[in-house]
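Residue numbers (my numbering): 696 to 942.
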């Protein structure tokens, strides 16, 4: 045992918390374009990865997207698909770096122990349906898509990666990455993370919208969202209503 009185430096070193393991958080972009919504989420993920000493990789996109997704570096963005970078199957007798797919249809839920099994965690980046004001969304749902979105993760499931669930409620991409990091790096049980489900956001004095997602609960009790997201939601809502009136 180290004696604090005779070996103070060694004692302090022995009492320090071991450095946390770093991970790769990989987004396979599943849409042909990069919308403002996705770009904002990706910027947030990249920023939080840098702050927590993790690596962010955005796959299947053109590097031209970096111009739109200000805050991403060229090193974050690759045109190759995830299976080209991290093949799930063995090649030449060697297995690639272990990557876990976050899949709502997986049989096992993510646990802190998965941080010891995997080096990277894979997410499908999709545009989905914009959260328009509730009454307007009822009118437009048949025109612009389904809510919740289709099972787009199936495109990644076919590639053969081992999967884990993040619970029964749909999350935004940045929330899914945030929750995964809290579980595998901070070793917090999935069910012990505080959440806010389907929060109602006030857009102005007369209008509000319910977000159809689960978020991590912030210190203020509200949902943790990317900076600028509420302004983007307001912009989307106004644009959606104007387009509807002109159609």
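Beta carbons: idealized from backbone N, C-alpha and C, even for Gly.
Query: Checking 9 Å against the spacing of the C-beta atoms, do residue 819 and residue 795 come in under that value?; Result: no
Query: Please identify the residue among 896, 782, 726 whose C-alpha is closest to the C-alpha of residue 855.; Result: 782
Query: In chain order, what residues of the same chain have a beta carbon less than 7 Å from the beta carbon of residue 897, not counting five sequence neighbours either side?; Result: 903
Query: Does the distance from the C-beta atom of residue 768 to that of residue 801 stay below 9 Å?; Result: no
Query: With 16 other CB atoms within 10 Å as the buried threshold, where does residue 727 fall?; Result: exposed
Query: With DSSP as the reference, label residue 920 as helix, strand or coil.; Result: coil
Query: Could you tell me the distance, in whole angstroms, from the CA atom of residue 848 to the CA atom of residue 798?; Result: 7 Å
Query: For the alpha helix (DSSP H) containing residue 719, name the first residue and the last one.; Result: No alpha helix (DSSP H) holds residue 719; the beta strand (DSSP E) holding it covers 719–724.
Query: Specify the secondary structure class of residue 928 as computed by DSSP and reduced to three states.; Result: helix
Query: From residue 885 to residue 808, what does the alpha carbon distance come to, in whole angstroms?; Result: 12 Å
Query: Over what stretch of residues does the beta strand (DSSP E) that includes residue 903 continue unbroken?; Result: 903–905
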